[in-house]
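> Residue numbers (the working numbering): 2 to 233.
Each residue gets a CB set at the ideal place from its N, CA and C atoms; glycine is no exception.
What you are looking at is a predicted structure, and each value in this text was computed from that prediction instead of being measured.
I have a structure I would like to understand better, so I am pasting it below and will then ask my questions one at a time.
Below is the structure:
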């Protein structure tokens, strides 16, 4: 997918046993072993799962990869079966409705807190809304749940899905969105630490950008769900 001057690969790796490295560790290792400046494709979005995970919680994503992906290497013969897009559609739809509904509730509450002048609560609720929105996007594209909760990692995990979303949340293209980094801190500290005192201008801007994020993610999810629905 073009992203400014960036192209990307999505690579699925399935191992017999549970991988010894987590996704973020492996992502950093690849950047160390194969620096971006030394390769034509600057971003590799890795999906690393055990065979049990591929057959379990990630089964629909795995079946879509088997149906539409290109096999680069396999120790055993790969059986390429068509993906059941009807079941994929409903698995993705369930996650979209759950997480987008929660995000809407958090954003509404954040707006009320902002008007009331409770900026700490606004920051916490905005962070929760951002997390639910990213989980909705993940759920629609992979028809599965993720155990990732750090906002910056979630965005990096889905970097190849939407250049528009990435530019909205990380306009400097640093791979570490300032907005999401700050919201990660507020979600951790806002309810408990007295020194956590976000200013109105900062948190008001985050609420506004999270609303734009909601509109964009809803559009992306609905377009993707429509694609699954067409293939049923």
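1. Taking contact to mean 3 or more Cβ pairs, one atom from each stretch, closer than 8 Å, check whether the segment 81 to 101 and the segment 46 to 64 are in contact.
2. With a CB to CB cut of under 8 Å and the five nearest residues on each side skipped, what residues in its chain are close to residue 203?
3. Less than 7 Å between the C-beta atoms of residue 147 and residue 139, yes or no?
4. In whole angstroms, what separates the C-alpha of residue 98 from that of residue 22?
5. Let me know the secondary structure DSSP gives residue 85 once reduced to three states.
6. Compare the C-alpha of residue 14 against each of 75, 40 and 26 and name the closest.
7. Can you tell me where the alpha helix (DSSP H) holding residue 230 begins and where it ends?
8. Measuring alpha carbon to alpha carbon, tell me which of 69, 51, 80 and 79 ends up nearest residue 86.
9. Quick one: using the 10 Å Cβ neighbour count with 16 as the cut-off for buried, is residue 5 buried or exposed?
10. Counting Cβ pairs, one atom from each stretch, are 3 or more of them under 8 Å apart for the segment 110 to 126 and the segment 154 to 164?
11. On the criterion of 16 or more Cβ atoms from any shown chain inside 10 Å, does residue 172 qualify as buried, or is it exposed?
12. What number of angstroms, rounded off, separates the C-alpha of residue 29 from the C-alpha of residue 52?
13. Report the CB separation of residue 218 from residue 134 in whole angstroms; it is logged as a contact under 8 Å.
14. So who's on the other strand from residue 15, going by DSSP bridges?
15. Take residue 222 as the anchor and find which of 159, 198 and 181 has the nearest alpha-carbon.
The structure says:
1. Contact between the segment 81 to 101 and the segment 46 to 64 is present, with at least three C-beta pairs closer than 8 Å.
2. Beyond the five residues adjoining it in sequence on each side, residue 203 comes within less than 8 Å, by CB distance, of 183 in the same chain, given in chain order.
3. The answer is yes: Cβ separation under 7 Å.
4. Each residue's Cα considered, the two are about 32 Å apart.
5. Note: residue 85 maps to coil in three-state DSSP.
6. Closest in alpha carbon position to residue 14, among 75, 40 and 26, is 75.
7. Segment 201 to 232, the alpha helix (DSSP H) holding residue 230.
8. For the options 69, 51, 80 and 79, the alpha carbon positioned closest to that of residue 86 is the one of 69.
9. Here the model assigns residue 5 a pLDDT of 43, short of 50, so the residue's position is not dependable, and the following value carries that caveat. Only exposed fits residue 5, as fewer than 16 other CB atoms lie within 10 angstroms of its CB.
10. Verdict: no, contact absent.
11. Within a 10 Å sphere around the beta-carbon of residue 172 sit fewer than 16 other beta-carbons, which makes this residue exposed.
12. Near 23 Å, if we compare the C-alpha coordinates of residue 52 and residue 29.
13. The pair is a contact, with the Cβ atoms about 5 Å apart (cut-off 8 Å).
14. In the DSSP output, where bridge partners are listed per residue, residue 15 has 50.
15. Looking at the Cα atoms, 159 is the closest of the given residues.
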